[in-house]
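Novice: Quick note on the working numbering: the sequence shown kicks off at 2 and runs consecutively. Virtual Cβ for every residue (Gly too), placed ideally from N, Cα, C. One structure, as structure tokens, below. Some questions next.
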Amino acid sequence: MSTTKFLYINFWTVKAKALRGKLPVYARVTVEGKRAEISTQIRVEPSQWDVKSGRIVGRSEKVRSLNKKLAEVEARIHRCYEELRYEGRFISAVNIKKRYSGEDSSGKTLKDVFTYHKEKMKGILAKGTLKNYGATEKYIFRFLKRTHKVDNLVLKELESRFIVDFEHFLRQQPTLNNNGVMKHLERFKKLIKMAYELEWMDRNIFRHHRLKFQRVDKEFLSQKELEQLINLKLERASLKITRDIFLFSCYTSLAYADVKELRQENLVQKADGKFWIKSKRAKTGVPLNIPLLPIPLKILERYREHPRVSQSGLLLPVYSNQKINAYLKEIAIKAAITKKFTFHTARHTFATTVTLSNGMPIETVSKLLGHTKLATTQIYARVLQKKIGQDMEDLERKLAAMQP
């Protein structure tokens with residue numbers, strides 16, 4: 002327990018709220034005789050609780066950790082009290098609790114910043130991007146629950162260590178590699194910057210924190226592998242459709258989200274009789290103007306009378322992203338392609354094998370891909386140079402073996 006001139010804090014357990022024999026621990030905040038209770042998110046065995054000290058009895062690592070959490074809760078309540086006093090706000094047990102839980106106007110929280118971002122960016126950011134922010138939000142609050150034992154946190158309480166600890170938490174997730182971790186931190190960094198600019202925080206805790214992405218070569222199919230796909234005999238309709246839509250993307254650069262939304266009005270015939278796709282990238286909203294090569298034109302014609310096309314106004318009968326990627330795994334085995342590839346590999350294949358390898362200027366490729374920066378397209382050029390180097394080494398070995 003602790004006291005100041007006006008503030009009194011003690012910890013107590015509530016028998017009426019016992020769960021599986023364990024009692025919840027609450028912090029009771031008293032200011033001038035009036036009380037408010039704050040849940041610590043900690044539960045203890047009745048025999049372990051010492052009423053006099055307001056702490057858990059024992060010497061185990063777990064007990065030490067829980068007592069440390071109680072001390073942190075106590076210190077945080079004192080900080081809330083000092084903040085209210087410094088700001089000249091009315092000090093009461095209820096106001097301290099509100100500041101602690103982030104419910105008062107001066108104590109904006111992590112939940113506030115995620116909610117604000119969602120509301121402001123709805124209709125501006127692509128659905129996929131908003132979904133990614135949602136994934137970051139889930140990780141943040143899972144981290145809070147596990148390490149801080151709270152459901153929310155006041156932004157002004159965040160310190161640089163929070164980033165370090167959150168990164169460590171992310172690296173423990175089996176589904177995340179280094180760049181996946183960095184993507185979540187990148188999104189969190191943008192939210193913190195926004196909160197700082199809104200004056201919800203006194204400082205930007207990411208100011209001195211650098212994100213370290215690893216360069217990863219983008220997988221693409223070679224000309225030979227493309228031909229294997231084109232010539233592959235398939236019996237099942239689902240595999241045929243998947244193969245054709247994948248090839249359509251290989252020769253148009255369109256990402257899954259863009260192919261899925263293509264409608265009849267996106268197919269435009271110019272004065273010279275040539276057909277073009279006119280659309281916008283779902284991810285960025287950048288306009289796309291793509292002249293159609295013979296292969297994608299043939300694919301469009303093949304599905305013109307397909308029920309899902311004729312009844313919906315769409316250009317192609319596209320399956321869900323999950324189904325398409327599952328079917329692509331089957332197709333890869335049947336085509337004897339050992340590379341692990343997904344639908345997005347088609348876009349990389351367009352950039353490398355279909356265009357840059359055939360001498361198309363990188364500036365034109367960049368426009369067709371809908372990139373806003375040439376540097377983004379240059380990644381494909383670097384990948385291509387590496388591939389050329391590997392091919393030359395293979396040729397050198399073959400020629401050496403032929404020498405007398």
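Considering only their Cβ atoms, is the gap separating residue 349 from residue 139 smaller than 8 Å?
Specialist: no
Novice: Could you check whether residue 353 and residue 221 sit closer than 8 Å to each other, using their CB atoms as the reference points?
Specialist: yes
Novice: From the DSSP output, read off the bridge partner residues of residue 123.
Specialist: Answer is 126.
Novice: Give the list of continuous alpha helix (DSSP H) stretches no shorter than 4 residues that lie fully inside the segment 256 to 322.
Specialist: 257 to 261, 295 to 303 and 308 to 311
Novice: From what residue to what residue does the beta strand (DSSP E) around residue 151 run?
Specialist: Run containing residue 151: none; DSSP gives neither H nor E here.
Novice: If you draw a straight line from the C-alpha of residue 351 to the C-alpha of residue 259, how long is it?
Specialist: The C-alpha of residue 351 lies about 15 Å from the C-alpha of residue 259.
Novice: Check each candidate in 303, 94, 194 and 254 and name the one with the smallest Cα separation from residue 282.
Specialist: Looking from the CA of residue 282, the closest CA among 303, 94, 194 and 254 belongs to 254.
Novice: What residue from 26, 372 and 63 has the CA that sits closest to residue 285's CA?
Specialist: 372
Novice: Return helix, strand or coil for residue 1, following the three-state DSSP convention.
Specialist: What is shown of the chain runs 2 to 405, which leaves residue 1 out entirely.
Novice: Excluding the 5 residues preceding and the 5 following residue 210 in the sequence, name in chain order all residues of the same chain whose CB lies nearer than 6 Å to its CB.
Specialist: 164
Novice: Note down, in chain order, each residue of its chain lying with its Cβ closer than 8 Å to the Cβ of residue 204, except the 5 sequence neighbours on either side.
Specialist: 197
Novice: Kindly give me the distance between the Cβ atoms of residue 33 and residue 7, rounded to whole angstroms, as I take these residues to be in contact under 8 Å.
Specialist: 6 Å
Novice: Under a Cβ-count criterion, where at least 16 other Cβ atoms within 10 Å of its own Cβ denotes burial, should residue 66 be classed as buried or exposed?
Specialist: exposed
Novice: Residue 252 lies in the alpha helix (DSSP H); which residues open and close that run?
Specialist: Taken as a continuous stretch (DSSP letters only), residue 252 belongs to no alpha helix (DSSP H), as it is neither H nor E.
Novice: Looking at the structure shown, is residue 12 part of a helix, part of a strand, or coil, going by DSSP?
Specialist: strand
Novice: Can you tell me the Cα-Cα spacing of residue 45 and residue 327, whole angstroms?
Specialist: 47 Å
Novice: Which same chain residues end up closer than 7 Å to residue 110 when comparing Cβ atoms and leaving out the 5 residues on each side of it in sequence?
Specialist: 103, 153, 154, 155 and 156
Novice: Just to check my reading of the structure: residue 151 and residue 145 have Cβ atoms closer than 8 Å, yes? What is that Cβ distance to the nearest angstrom?
Specialist: Indeed they touch by this definition, with Cβ atoms about 6 Å apart.
Novice: If I'm right that residue 1 touches residue 207 with Cβ under 8 Å, what's the distance once you round it to whole angstroms?
Specialist: In the structure as shown, the chain begins at 2 and stops at 405. Residue 1 is therefore absent and cannot be evaluated.
Novice: Thinking residue 118 and residue 202 are a contact (beta carbons under 8 Å), I'd like their distance in whole angstroms, please.
Specialist: Actually they are not in contact, since the Cβ atoms of residue 118 and residue 202 sit about 14 Å apart, beyond 8 Å.
Novice: When you compare the segment 365 to 383 with the segment 287 to 300, are there three or more beta-carbon pairs, one atom per stretch, that lie closer than 8 Å?
Specialist: yes
Novice: Using only CA atoms, which one of 78, 175 and 134 lies nearest to residue 191?
Specialist: 134
Novice: Go ahead and label residue 226 buried or exposed: buried means 16 or more other beta carbons lie within 10 angstroms of its beta carbon, across all protein chains shown.
Specialist: buried
Novice: Between which two residues does the beta strand (DSSP E) containing residue 173 stretch?
Specialist: Looking at the DSSP string, residue 173 is not in any beta strand (DSSP E), and its letter there is neither H nor E.
Novice: Restricting to runs no shorter than 4 residues, where is the alpha helix (DSSP H) found entirely within the segment 196 to 239?
Specialist: 224 to 232
Novice: Sort out for me which residues DSSP pairs residue 40 with in a bridge.
Specialist: Residue 40 is bridged to 27.
Novice: State the beta-bridge partners of residue 57 as determined by DSSP.
Specialist: 50, per the DSSP bridge assignment.
Novice: Among 25, 246 and 121, whose alpha-carbon lies nearest the alpha-carbon of residue 329?
Specialist: Nearest option by C-alpha distance: 246.
Novice: What number of angstroms, rounded off, separates the C-alpha of residue 54 from the C-alpha of residue 345?
Specialist: 60 Å
Novice: Where does residue 145 sit, in a helix, a strand or coil, going by DSSP?
Specialist: helix
Novice: Which residue comes first and which comes last in the alpha helix (DSSP H) that contains residue 76?
Specialist: 62 to 87
Novice: Would you mind reading off the limits of the alpha helix (DSSP H) that contains residue 349?
Specialist: 346 to 350
Novice: Which residues does DSSP list as the beta-bridge partners of residue 32?
Specialist: 8 and 35
Novice: Contact check, residue 296 vs residue 263 under 8 Å by CB: the rounded distance?
Specialist: The Cβ separation is near 16 Å, so there is no contact.
Novice: Distance, Cα to Cα, residue 359 vs residue 367?
Specialist: 15 Å
Novice: In whole angstroms, what separates the C-alpha of residue 91 from that of residue 379?
Specialist: 59 Å
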